[in-house]
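This report refers to the structure that appears directly beneath it.
Number of protein chains: 2
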Amino acid sequence: MVKKYSQLTKTIWMTLIILGLAGMGHGQSLQEVMKARGLSEKDLLAAAKTYNPTGKKDEYIVFSSGGQSGQVIVYGVPSMRILKYIAVFTPEPWQGYGYGESESMEVLEQGKINGREINWGDTHHPALSEMEGDYDGEYVFINDKANPRVALIDLKTFETKQIVVNPIFKSEHGSSVATPNTEYIMEAAQYPAPFTNEYVPLEKYNEIYRGGVTYWKFDRNAILTLNRRAVKRLKKAGVPTKGLKDLEDQEFQGEDALLSAVGEKVGSEAAMKNKAALLKYAEKEGRLIPGKSFTVEMPPYMQDITDAGKGPSFGWSFTNSINTERYIGGFGKGNTKFQDRLANEAGMSEKDTDYMHVVNWKEAEKLFKAGKYNKINGHAVISMADMVAANALFLIPEPKSPHGNDVTPDGKYIVVAGKLDTHASVFSFEKIMQLVKAKDFAAKDPYGIPILDMKKALHTQVQLGLGPLHTQFDSVKGVAYTSLYVDSMVVRWNYEEGKVLSKIPINYNIGHLVSAEGDTIQPDGKYLIALNKLAIDRFNQVGPLHPQNHQLIDISSSQMQLLYDMPLPLGEPHYAQMIKADKLNPIVRFDKKSFKHYVRSGQERIERNGNKVTIYSTAIRSHYSPEIIEVKKGDEITWHITNTERAQDQVHGFGIDNYNVHGSLEPGETATFHFIADQEGVFPYYCTEFCSALHLEMTGYLLVKP
Amino acid sequence: MVKKYSQLTKTIWMTLIILGLAGMGHGQSLQEVMKARGLSEKDLLAAAKTYNPTGKKDEYIVFSSGGQSGQVIVYGVPSMRILKYIAVFTPEPWQGYGYGESESMEVLEQGKINGREINWGDTHHPALSEMEGDYDGEYVFINDKANPRVALIDLKTFETKQIVVNPIFKSEHGSSVATPNTEYIMEAAQYPAPFTNEYVPLEKYNEIYRGGVTYWKFDRNAILTLNRRAVKRLKKAGVPTKGLKDLEDQEFQGEDALLSAVGEKVGSEAAMKNKAALLKYAEKEGRLIPGKSFTVEMPPYMQDITDAGKGPSFGWSFTNSINTERYIGGFGKGNTKFQDRLANEAGMSEKDTDYMHVVNWKEAEKLFKAGKYNKINGHAVISMADMVAANALFLIPEPKSPHGNDVTPDGKYIVVAGKLDTHASVFSFEKIMQLVKAKDFAAKDPYGIPILDMKKALHTQVQLGLGPLHTQFDSVKGVAYTSLYVDSMVVRWNYEEGKVLSKIPINYNIGHLVSAEGDTIQPDGKYLIALNKLAIDRFNQVGPLHPQNHQLIDISSSQMQLLYDMPLPLGEPHYAQMIKADKLNPIVRFDKKSFKHYVRSGQERIERNGNKVTIYSTAIRSHYSPEIIEVKKGDEITWHITNTERAQDQVHGFGIDNYNVHGSLEPGETATFHFIADQEGVFPYYCTEFCSALHLEMTGYLLVKP
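Structure below.
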């Protein structure tokens, strides 16, 4: 059949050529191009499905972890073009992140651990914020496996706004995961360690080393601002606004702070009476709230991937584990103890099953609110015993060394893929609840946690292939896609009916995979991306460190079709989420009034107070004002620069020779730089963006006198 | 005509559908996809010209500066997929660059200026190494405008191997530029400053502030190694090799060091006799040699883009300038001096012409070798007076505030584009030489440099459009492409005949542009990329900081055709070079024996010497050996880890909790990490690459006792 079609096609192309279409006035015809480049008709179809002519926007946006680069990668689907690397844990000068610009320095400062700057992260699992189980396009969270931390990126600006350090973990993996209304961001530990920061010998592993899951409280209204627009709207809504102008652009940490400040202006009674309107019209910024966050203590199994229940399973969370053997034998000549035992990879995968941890986080929240926790390193830890007593923590055996742990869109099932098992295990939440309610426990683990019977909790098991890992979902009810690491394939199957539908080979070694809106209660189907770990021969060689390969697959029909191979030029992504592009609503310029130290043209000045020098500058095509700044060696410089441009995309930069200072000034933004002028000499500063034909002339001198 | 074709096409597609080709078993037909995605036939042709099905390699590789990201970007043409961000001036954890791995720490250490770590760079102009005016695919050089430095990237590994700090400049721009055999890498200053590091008031600008061009000597045989293969080959060539085994894998700095060491083994006579064979078979690494480099002093004009002569103009170099007005008036309220004068952008562009600096670098080299220089900050500076006396430095007026300065492939002309002028000025090297030889000088500048008459030196001037900047060349003789910044266009024109051929609009605001092999003596034509500064509405919005837009243009026929819009996700590239992919020959794994501290499996060990602990580890799927390491707080750790894999792409990573240490271990590589165990506690370390189904189990504990 294929041959026949090709014959026909050939005839038709011949006709096209004769008809004169082929040339199109641009040299080669389509057929000539296809022949010269070795493209089949299937390739041409894939090209048409992924090619974006100039100006065409993408339908979906992917937020991918950047692995050890410590960043988050943003790219478009179906064109598979990378749009941005967002700096998160790693300083990045283009964005001015961590190079002297105060706002970013403060964010990175939050990421210090025990006073030490940690300037990289091993990002794994991004989590888009959700409302009612659907991505809302407002925030994305990302974790650091190596130095347990979670960061928050605001999707209005695509900038990192917060980093929280896990106060008790020394490693994590199953993070970040959002509950269906982003009540919490979950962070599961990985390699057990003492919760405190002391040395504890490995002999005390079972007694002192611990795992757990931290539930970071998220508050969408953590920071409230009454800007001009808000005050105007309040006035229109009939709220007394006299004096509120004074509060403009101040940031209030939480509702109470705002209401109290407004109360002082308009009277507390009026403030409380208009609370709803005040909160409605104030600008809001979400933050994770460490003081309202808690950790559920878990045994020193290595907790792993975590997912949140939804629909019927709302209020629960599920966390895989490996090494329930609690193997710490170590291996290798030179070990200071336990020499010549099995390697971890063998010792940690001896048992046929590990445990899924089943947590009722709603109950845990109650325990937290009731004060049933211990404070460790200033952080609330709910003990296993208290969780067990509250019927809020259970274990279910799952096939050995599992990897994926994915709740189905309807919230009825949890799909676990066994890695060293060829099956996917589909657990039924309903059956789990029946066992829980009936207290039908098969056993207890050494830490007193009830263990449910695996078979009784299972809906079905389906043989998928070698090395099944992670599962994503289709718009078609019951249809799922699972990555097969060892087979280098994606399998399409039905978890309700328990049958395999089709497979597609990928190149090579797929880890996670992501489908369009795949973690929501209503996946879109359409596109699936295989997040492959190796590229080997797929791309031109660029030295011994290769790019990864993200492969776009068309899942709009029952037959999966490979569309595109996309190299990853920086970092090893682990997981990604794909959101409908029209759910995002980023700003294209800043409201200059939202910056405390903004300067209008003509208000530029230099203020000196002892050895403290404050500079108020403006930047506009193509000059800074002022252009000459003379200070004394040792002066403490605070330099506010306002980009007074209104035009979209009209960014300026700011770099000074030899001071390791660089910032990006987007339209309307005021950036503040802080440094000590500790070197004598002549230091040119200049705009590091090609902002106009006279961009080279956008320069000035910082002169530091001895 | 177009309409007619469309009509015909429609009929033909209808036929295709009827014939059953359309479905192809994969859902939508090609026509349906085109309709659904709004693709024209022209779009489909562009898609076919740029789409790479899985496994298809690119024909060209682009090395692009990464702007303020401080990196170099590598991407493929025509697919426009980014293959790698090479870390250069900015630490990058995925590559393990600057996160504790000794080799990279040493490279970054070289980049310190006056003892200060500078962890970013403003990279502008990459230069591929050349032989006989053609890219040889061995090295790429890249500059840092902000903190004047030049870095060398080895294209065997795509890793940065060297950073040199300009000892006297405080700013630069026209760099990096290679002479035709990579004799030198040129680096032109930008914002004038004192050559010393002292404060000098702006009032002394004319007397003390200076510009210049540094000629960095490049030596391809800077580091020589006799590895096993080399010794074997020497033996075969009949060279006495007794005792040479002892020298294996030692690095010799230069030929003399190698010959002397070999002489000690086989006798110095035998060594000298076999010098040619020894140098032929030794492994070689190229380096910039600061001790053999020099700077030509220039007036405090702002030197800019620089190009090297070739063919008839070999031995000469050409450097633009702006602000020959020597305007330093400054501007802006708050200036500490000269308040309320014109802004730099106005004051620096008052005159109708600036100067092209014409340098005979071969003569400068002679002066340097003859010791005719002053040492400033330990660096050789040849004075303007000595250059003038040697007939080696001239000025030619060029239209005001020029930007581009490009020598034609045949070396006969220098094309200068005027930025504030609508013309490109084509200077004739032959005419320049006639004026020089006849000492036909129009005037002298205030520093005594002869000025040639512009008109006498011109071949022609061609009106190209608004804001012409940079020029690249075609395979067709005389044909050039110039970027029009203000017009947002590329113009195809003939610099020999002095006529415009065609134009194509771009989106938006093009800076540089690059054609295939465009800076060589034999450009390939075929592809041109517009390196646009703004993207505005071309891509999905990702906040106020947008990607740049590199647009691929088909120049294989006389009618330029836009093929592809490529967003740049990180950094603002300035310039790029495009090399034929088959000229590159990177390694895919390391020779383990090339690492001094490599460890075979079974040789792992921990050695303690006082508080110095040296660990010899191996990493292979999926375990480290050893897996448990116990040290005391305050111990100084040196940790050698050998990736003993042979499989291509089988990379491992190495990260330790809370020690800010991360490395990438490519197959065959031994990486060395150095840190003080200054924190007590339990610190998991693990492989940060998804190296196998059991990658999570590739872990160990670093235990630090109090």
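Residue numbers (the numbering used here), protein chains in the order written: chain A, 821 to 1526; chain B, 821 to 1526. Each residue gets a CB set at the ideal place from its N, CA and C atoms; glycine is no exception.
query: Would you report the Cα separation of GLN1070/A and ARG1048/A, rounded to the nearest angstrom?
result: Taking the first sequence and counting its residues from 1, one reaches residue 1070/A at position 250. Taking the first sequence and counting its residues from 1, one reaches residue 1048/A at position 228. So the alpha carbons of these two residues sit roughly 11 Å apart.
message: Would GLY890/B and THR943/B qualify as a contact pair, given that the criterion is a beta-carbon distance under 8 Å?
response: Here residue 890/B refers to the residue found at position 70 of the second sequence. Here residue 943/B refers to the residue found at position 123 of the second sequence. Against a cut-off of 8 Å, the Cβ pair of THR943/B and GLY890/B comes out as a contact.
query: Of all the CB atoms in chain B, is at least one closer than 8 Å to the CB of PRO857/A?
result: Here residue 857/A corresponds to residue number 37 of the first sequence, with the count starting at 1. Residue identity check: residue 857/A is Arg in the sequence provided, not Pro. Closer than 8 Å to some Cβ of chain B, the Cβ of ARG857/A qualifies, so yes.
query: Under the DSSP definition of a beta bridge, which residues are partnered with ASP1174/B?
result: Looking up residue 1174/B in the second sequence gives position 354. The partner list for ASP1174/B (beta bridge, DSSP) reads GLU1218/B.
- request: For ASP942/A, decide whether its Cβ has a neighbour in chain B, counting only Cβ atoms nearer than 8 Å.
  value: Walking along the first sequence from the start, residue 942/A turns up at place 122. Closer than 8 Å to some Cβ of chain B, the Cβ of ASP942/A qualifies, so yes.
query: Closest to ASP964/B by CA distance: which of GLU952/B, ASN986/B and ASN1017/B is it?
result: As a first step, residue 964/B is located in the second sequence; it is residue number 144 there, counting from the start. Answer by Cα proximity: ASN986/B.
message: Let me confirm a value: MET1118/B is counted as buried when at least 16 other C-beta atoms fall within 10 Å, else exposed. Which label applies?
response: As a first step, residue 1118/B is located in the second sequence; it is residue number 298 there, counting from the start. Flag for MET1118/B reads buried.
- prompt: How would you list, in chain order, the residues of chain B whose beta-carbon sits under 7 Å from the beta-carbon of ALA867/A?
  reply: Position 47 of the first sequence holds residue 867/A. What ALA867/A touches in chain B: ALA867, ALA868 and TYR871.
task: Would you decide whether LEU841/A is buried or exposed? Buried here means 16 or more other CB atoms lie within 10 Å of its CB.
output: Translated into the one-based positions of the first sequence, residue 841/A becomes position 21. Caution applies to LEU841/A, whose pLDDT of 44 falls short of 50 and renders its modelled position unreliable; the value that the coordinates give is listed next. It is buried - the Cβ of LEU841/A has at least 16 other Cβ atoms within 10 Å.
field: For ASP1066/B, three-class secondary structure by DSSP
entry: Within the second sequence, the letter at position 246 stands for residue 1066/B. Residue state, collapsed to three classes: helix.
Partners in chain B for ASP863/A, counting only beta-carbon separations shorter than 8 Å: In the first sequence, the residue the question calls residue 863/A occupies position 43. Within 8 Å Cβ-Cβ: TYR871 and PRO873.
- request: Output yes if chain B places a C-beta closer than 8 Å to the C-beta of ILE1196/A; else output no.
  value: Within the first sequence, numbered from 1, the residue matching residue 1196/A stands at position 376. Not an interface residue.
- prompt: Going along the chain, which residues of the stretch 1003 to 1026 of chain A sit with their C-beta nearer than 9 Å to a C-beta in chain B?
  reply: GLN1010, TYR1011, PRO1012, ALA1013, PRO1014, THR1016, ASN1017, GLU1018, TYR1019, VAL1020, PRO1021 and LEU1022
field: According to DSSP, residues forming a beta bridge with PHE1247/A
entry: Along the first sequence, one-based indexing puts residue 1247/A at 427. Answer is ILE1234/A and LEU1278/A, bridged to PHE1247/A.
message: Between which two residues does the alpha helix (DSSP H) holding ARG1053/B run?
response: The count along the second sequence starts at 1 and reaches residue 1053/B at position 233. It spans 1048 to 1056 - the alpha helix (DSSP H) in which ARG1053/B sits, taken as one unbroken run.
field: Under 9 Å (Cβ pairs) to chain A, residues found in the stretch 875 to 894 of chain B
entry: GLY875, LYS876, LYS877, ASP878, ILE881, GLY886, GLY887, GLN888, SER889, GLY890, GLN891, ILE893 and VAL894
- prompt: To which residues of the same chain is LEU1067/B closer than 6 Å at the C-beta, ignoring the five residues directly before and after it?
  reply: Numbered from 1 along the second sequence, position 247 holds the residue referred to as residue 1067/B. Within the same chain, LEU1067/B has close Cβ partners LEU1046 and ALA1081.
message: According to DSSP, simplified to helix, strand and coil, what is TRP940/A?
response: In the first sequence, the residue the question calls residue 940/A occupies position 120. Coil at TRP940/A, not helix or strand.
message: Contact between the stretch 986 to 999 of chain A and the stretch 1121 to 1129 of chain A is defined here as three or more beta-carbon pairs at a separation below 8 Å; is this criterion met?
response: yes
- prompt: According to the Cβ coordinates, are LEU1304/B and TRP1313/B closer than 8 Å?
  reply: The residue you call residue 1304/B lines up with position 484 of the second sequence. The residue you call residue 1313/B lines up with position 493 of the second sequence. For LEU1304/B and TRP1313/B, no; Cβs fall outside 8 Å.
message: Which of the three DSSP states is assigned to ILE1330/B in this structure?
response: Numbered from its first residue, the second sequence carries residue 1330/B at position 510. It is a strand residue.
- prompt: Going by C-alpha distance, which of LEU864/B, LEU1485/B and ALA1336/B is nearest SER1295/B?
  reply: Here residue 1295/B corresponds to residue number 475 of the second sequence, with the count starting at 1. The option with the nearest alpha carbon to SER1295/B is ALA1336/B.
message: Quick check on the burial criterion: 16 or more other C-beta atoms within 10 angstroms. Buried or exposed for ASP1174/A?
response: In the first sequence, counting from the first residue as 1, residue 1174/A sits at position 354. Looking at its Cβ environment, which holds 16 or more other Cβ atoms inside 10 Å, ASP1174/A is buried.
query: Between which two residues does the alpha helix (DSSP H) harbouring LEU850/A extend?
result: Within the first sequence, numbered from 1, the residue matching residue 850/A stands at position 30. From DSSP, the alpha helix (DSSP H) with LEU850/A extends over 850 to 857.
field: Whole-angstrom distance between GLN848/A and ALA868/B, CA atom to CA atom
entry: For the purposes of this step, residue 868/B is taken as the residue at position 48 of the second sequence. For the purposes of this step, residue 848/A is taken as the residue at position 28 of the first sequence. Their Cα atoms are separated by approximately 11 Å.
field: CA-to-CA distance, PHE1293/B to ASP974/B, given in whole angstroms
entry: The residue given as residue 974/B occupies position 154 in the second sequence. The residue given as residue 1293/B occupies position 473 in the second sequence. Answer to the nearest angstrom: the Cα atoms are 26 Å apart.
- request: Could you work out which residues of chain B lie near ASN1306/A, taking near to mean beta carbons separated by less than 8 Å?
  value: Within the first sequence, residue 1306/A is the residue found at index 486, counting from 1. Sequence check: residue 1306/A is Val here, not Asn. Here the neighbours are ALA1513.
task: With 8 Å as the C-beta to C-beta threshold (strictly closer), list the residues of the stretch 1121 to 1143 of chain B near chain A in chain order.
output: MET1122, ASP1124, ILE1142 and ASN1143
- prompt: Buried or exposed: where does ASP1124/A fall if 16 or more other Cβ atoms within 10 Å of its Cβ makes it buried?
  reply: Taking the first sequence and counting its residues from 1, one reaches residue 1124/A at position 304. With 16 or more other Cβ atoms within 10 Å, it is buried.
- request: Tell me whether the beta-carbon of LEU1288/A lies closer than 8 Å to the beta-carbon of THR1242/A.
  value: Here the question's residue 1288/A lines up with position 468 in the first sequence. Here the question's residue 1242/A lines up with position 422 in the first sequence. It is worth fixing the name first, because residue 1288/A is Pro in this sequence and not Leu. Yes, the Cβ-Cβ distance between PRO1288/A and THR1242/A is below 8 Å.
message: What residue range does the alpha helix (DSSP H) around ALA788/A cover?
response: Residue coverage of chain A in this structure runs from 821 to 1526, which leaves residue 788/A outside it and unanswerable.
- request: Let me know the alpha helix (DSSP H) ranges lying completely inside the stretch 844 to 923 of chain A, each 4 residues or longer, listed in chain order.
  value: 850 to 857 and 861 to 870
field: Nearest-angstrom Cα separation, counted from GLN915/A out to ALA907/A
entry: Within the first sequence, residue 907/A is the residue found at index 87, counting from 1. Within the first sequence, residue 915/A is the residue found at index 95, counting from 1. Straight-line Cα distance between these residues: approximately 7 Å.
message: Taking 8 Å as the limit between beta carbons, can you name the residues of its chain near GLY920/B, skipping five residues before and five after?
response: Position 100 of the second sequence holds residue 920/B. Result list for GLY920/B: TYR1479, ASN1480, VAL1481, HIS1482, GLY1483, PHE1493, HIS1494 and PHE1495, in chain order.
message: Quick check: what's the CA-CA separation for PRO1222/B versus HIS1290/B?
response: Counting from one through the second sequence, the residue named residue 1222/B turns up at place 402. Counting from one through the second sequence, the residue named residue 1290/B turns up at place 470. Going from the Cα of PRO1222/B to the Cα of HIS1290/B covers about 10 Å.
- prompt: Could you give the distance in angstroms between the alpha-carbon of TYR1444/A and the alpha-carbon of VAL1524/A?
  reply: As a working note, residue 1444/A is residue 624 in the first sequence. As a working note, residue 1524/A is residue 704 in the first sequence. In a straight line, the C-alpha of TYR1444/A is about 18 Å away from that of VAL1524/A.
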